[in-house]
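Here's the structure, in structure tokens; my notes come after.
Residue numbers (my numbering), protein chains in the order written: chain U, -3 to 139; chain F, 115 to 236.
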């Protein structure tokens, strides 16, 4: 039985056609050349995000990297520190903005959310002020 | 608005006028902590440069845009300068207007970018 099996596999290998040419390269310069790895959760993230021109935070854990100084995409900051999501702000047109704070230099920045951001992480961030019973309870009692 | 500005009467009287509602505010809260925003409308003024330190020459009005929570559980008000778009975070004082604080805290939930009903099934 095992000998039979072996011979049939040999015939299959002889009949197998040559491997197709791969036009997608996974190494440097391939289709993932511009990907970055999140400094917080180590997720590989592609730079094009639905809804925004500049992806600036990880869609899974919402962490960012301190590379831009004034305008998005200028790559002018030499800090390179990890930026953690601090709070959620809302623009007058109703769009959510994540407030990031750099963990190494303390700089703040506001970034638009992207279409593929983790909704659970976004809602957890938006609910963070209300989750704390000390301050929220005192505010509601005062009102 | 901090106490070590030399402009107008902050040093002499220990008060400043709010840039938005015009309320005359003492520069120190009741518990002695320095105050940098109006307790009534939570607006502030851009007098300190938080990136390079020292006084700022912007002097723009700073409007409150968000509530952030520290690891200690304390609330911080995030201000944005309407002139130069700089962001600062300042601790909440006990006599701040709780209505505006609460309104800022729940504002994201008023217009969520996705239906919140989906979280009931999680």
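We treat Cβ as the ideally placed atom computed from N, Cα and C, and that holds for glycine.
Computed from a predicted structure; not experimentally measured.
Only counting the same chain, and skipping five residues up and downstream in sequence, which positions put a Cβ closer than 7 Å to that of residue i?
i, result
"residue 40 of chain U", "31 and 33"
"residue 85 of chain U", "93, 95 and 106"
"residue 68 of chain U", "50 and 52"
"residue 73 of chain U", "62, 63, 64 and 65"
"residue 108 of chain U", "48, 91 and 93"
"residue 35 of chain U", "59, 61 and 78"
According to DSSP, simplified to helix, strand and coil, what is residue i?
i, result
"residue 129 of chain F", "strand"
"residue 129 of chain U", "helix"
"residue 212 of chain F", "helix"
"residue 55 of chain U", "coil"
"residue 119 of chain U", "helix"
"residue 148 of chain F", "strand"
"residue 16 of chain U", "coil"
"residue 109 of chain U", "coil"
"residue 32 of chain U", "strand"
"residue 138 of chain F", "strand"
"residue 194 of chain F", "strand"
"residue 48 of chain U", "coil"
"residue 80 of chain U", "strand"
"residue 161 of chain F", "coil"
"residue 99 of chain U", "coil"
"residue 104 of chain U", "strand"
"residue 221 of chain F", "helix"
"residue 180 of chain F", "strand"
"residue 134 of chain U", "helix"
"residue 175 of chain F", "strand"
Answer with buried or exposed for residue i, where buried requires no fewer than 16 other C-beta atoms within 10 angstroms of its C-beta.
i, result
"residue 130 of chain F", "buried"
"residue 231 of chain F", "exposed"
"residue 97 of chain U", "buried"
"residue 137 of chain U", "exposed"
"residue 116 of chain U", "exposed"
"residue 210 of chain F", "buried"
"residue 144 of chain F", "exposed"
"residue 29 of chain U", "exposed"
"residue 132 of chain F", "buried"
"residue 115 of chain F", "Caution applies to residue 115 of chain F, whose pLDDT of 45 falls short of 50 and renders its modelled position unreliable; the value that the coordinates give is listed next. By the neighbour-count rule (16 or more Cβ atoms within 10 Å), residue 115 of chain F is buried."
Beta carbon of residue i, beta carbon of residue j: below 7 Å?
i, j, result
"residue 114 of chain F", "residue 158 of chain F", "The structure shown does not extend to residue 114 of chain F, since chain F is modelled only from 115 to 236, so the question has no answer here."
"residue 124 of chain U", "residue 183 of chain F", "yes"
"residue 194 of chain F", "residue 172 of chain F", "no"
"residue 126 of chain U", "residue 219 of chain F", "yes"
"residue 135 of chain U", "residue 216 of chain F", "yes"
"residue 83 of chain U", "residue 179 of chain F", "no"
"residue 151 of chain F", "residue 174 of chain F", "no"
"residue 122 of chain U", "residue 148 of chain F", "no"
So, under 8 Å CB-CB, residue i and residue j are touching, yes? Tell me the CB distance rounded to an integer number of Å.
i, j, result
"residue 37 of chain U", "residue 54 of chain U", "6 Å"
"residue 201 of chain F", "residue 192 of chain F", "6 Å"
"residue 81 of chain U", "residue 58 of chain U", "4 Å"
"residue 169 of chain F", "residue 162 of chain F", "6 Å"
Which same chain residues end up closer than 8 Å to residue i when comparing Cβ atoms and leaving out the 5 residues on each side of it in sequence?
i, result
"residue 45 of chain U", "51, 55, 110, 111 and 112"
"residue 188 of chain F", "205 and 206"
"residue -2 of chain U", "Unreliable placement is indicated for residue -2 of chain U, whose pLDDT of 49 sits below 50; the coordinate value is still reported in the next sentence. Cβ within range, chain order: n/a, list empty."
"residue 128 of chain F", "117, 140, 141 and 142"
"residue 99 of chain U", "77, 78, 79 and 80"
Closer than 6 Å by C-beta to residue i: which residues in its own chain qualify, once you throw out the five before and the five after it? Chain order, please.
i, result
"residue 164 of chain F", "202"
"residue 132 of chain U", "126"
"residue 60 of chain U", "52, 53, 79 and 96"
"residue 42 of chain U", "31"
"residue 10 of chain U", "none"
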